[in-house]
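Some notes on the structure that comes next.
In this note's numbering, the protein residues as written are 1 to 260.
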């Protein structure tokens, strides 16, 4: 029994150790990815700032190469952000993302080539190839811009359609809330009056008159018979009284009086 407990304790210990190692690896991996993203973003910001400085501060071949790289990177980054944000709400953009990834391969290739040409000492050869580089850059940026604007137009169209449908529903609901005409008020008042008359009808019905008693001659015996007749008439009137009106459904039941 003790050996089984020891084995079970070791298994639990190994399980906790394995779980701790797994969690540690995941945390370290997430931290490493966060650091990599931060470094990449910082490096990209530095490169963009350097390219802007070169495009404005330098003339000739160096300034032209810097401007081409800046235009290419700006267009590709804006399109990537628009597509990857839009696909979260519109799954049909996945095909557009696939096309953009194929276009990105050409963009990376051109950016690397422009970056290498910045270090090329033969400026005349680079100047001769600038028209071709401008044409390639224009093709890539035009395709990227087309994807980006198409995605934005699609998102705006969906938002406008949804807003139109919502506005129509609100107008219908507003019209239903305002539909309180005098005719409907008169109908409700007439129905309430009919209900009151129906409930108060039994209480207002006249009680039947008691039967007349013939006078009896005689002295004392006649007085006794007269008293007995009056008692009988009183009992008959009590029996013939109309029942109390039924209370409305929303009225509370009257509590019985205390007998103490």
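A virtual CB, placed ideally from N, CA and C, is assigned to each residue, including glycine.
Alpha carbon to alpha carbon, how far is residue i from residue j?
i	j	result
residue 104	residue 80	9 Å
residue 157	residue 119	46 Å
residue 11	residue 23	18 Å
residue 17	residue 9	12 Å
residue 20	residue 116	47 Å
residue 102	residue 124	32 Å
residue 136	residue 127	15 Å
residue 263	residue 141	Past the edges of the chain, shown from 1 to 260, lies residue 263, and the structure says nothing about it.
residue 190	residue 198	12 Å
residue 176	residue 169	11 Å
residue 290	residue 67	Lying before the first or after the last residue shown, residue 290 is absent from the chain, which here runs from 1 to 260.
residue 110	residue 161	40 Å
residue 139	residue 145	10 Å
residue 172	residue 88	32 Å
residue 45	residue 69	13 Å
residue 107	residue 7	60 Å
residue 65	residue 132	12 Å
residue 155	residue 98	18 Å
residue 196	residue 174	34 Å
residue 52	residue 167	46 Å
residue 219	residue 192	At residue 219, the pLDDT of 47 sits below 50, so the modelled position is not reliable; the number obtained from the coordinates is stated separately. The alpha-carbon atoms of residue 219 and residue 192 are separated by roughly 60 Å.
residue 2	residue 94	60 Å
residue 72	residue 49	14 Å
residue 153	residue 90	12 Å
residue 14	residue 5	14 Å
residue 122	residue 134	18 Å
residue 27	residue 86	29 Å
My understanding is that residue i touches residue j, with C-beta atoms under 8 Å, so please give their C-beta distance in whole angstroms.
i	j	result
residue 100	residue 83	6 Å
residue 151	residue 96	6 Å
residue 54	residue 63	6 Å
residue 178	residue 78	About 47 Å; that fails the 8 Å criterion.
Does DSSP classify residue i as helix, strand or coil?
i	result
residue 95	helix
residue 82	helix
residue 87	coil
residue 63	helix
residue 71	helix
residue 23	helix
residue 196	helix
residue 191	helix
Would you mind listing the alpha helix (DSSP H) stretches within the region 93 to 177 that are 4+ residues and don't spill past its ends, in chain order? 94 to 117
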